[in-house]
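Here the structure comes first, spelled out in structure tokens, and everything after it is commentary.
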Amino acid sequence: MSGAGAPVVEVDGRGLRVAVVAACWHERVMDGLVAGALRGLADAHVADPIVVRVPGTFELPVAAARLAASGVDAVVALGVVIRGGTPHFEYVCQGATSGLVDVSVRTGVPVGFGVLTCDDERQALDRAGLPGSAEDKGHEAATAAVATAVSLQGLPH
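Going by this note's numbering, the first residue of the sequence shown is number 13, and it counts up by one from there.
Listed below in structure tokens is the structure:
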């Protein structure tokens, strides 16, 4: 299981401005990821997160870049790509991953990576934070983004 060895992170994000950008493809999985991210932000005491929906995972980086430039303290990026029979999977996964890393490094705004890259829908549902899921990757991505933003507070720009 991919969650084995994950740290337990408790963080206080009071006063932080956080945005969630989420793809729309695979609605059931995405609903679970968004709900998990919002639970994670609530657990970290983050009030009034911004939620933006984009068509697919490939569109996450441009929305994350705009949000990072708007002055938020962290962005949570959520998406799911399920392997098919063409190279499309690799292109979308690579583009989204590289784009989100670029946003974070270029802007200095943490981007929580909640993009599922799965072989089938069953794997995605098992990571979506739904009842019966083994993992809650939306919650994990939100917690990681807030924890990183808190860690960066007070560091020189």
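Here a beta-carbon is modelled for each residue, glycine too, at the ideal position from N, C-alpha and C.
A quick note: this is a predicted structure, and the numbers were derived from the prediction, not measured.
Item                                                                                               : Value
Helix, strand or coil at Met13 [DSSP, three-state]                                                 : For Met13, the pLDDT reaches just 41, beneath the cut-off of 50, and the residue's location in the model is therefore unreliable, leaving the point undetermined.
Separation of Asp138 from Gly62, as counted between CA atoms                                       : First, the residue type needs correcting, since residue 62 is Ile and not Gly in the sequence shown. Cα to Cα, the separation comes out at about 26 Å.
Any alpha helix (DSSP H) of 4 or more consecutive residues that is wholly inside the stretch 19-63 : 39-55
Straight-line Cα distance separating Val33 from Ala89                                              : 5 Å
8 Å Cβ shell around Asp67 - same chain, five flanking residues per side excluded                   : The sequence as given places Pro at residue 67; Asp does not occur at that position. Excluding residues within five positions, the ones whose Cβ falls inside 8 Å are Ala35, Cys36, Trp37.
Among Val93, Glu39, Leu50, nearest to Ala31 - alpha-carbon criterion                               : Leu50
Leu79: first and last residue of the uninterrupted alpha helix (DSSP H) it sits in                 : 72-81
Residue closest to Phe125, alpha-carbon to alpha-carbon, out of Thr98, Gly27, Ala86, Pro143        : Ala86
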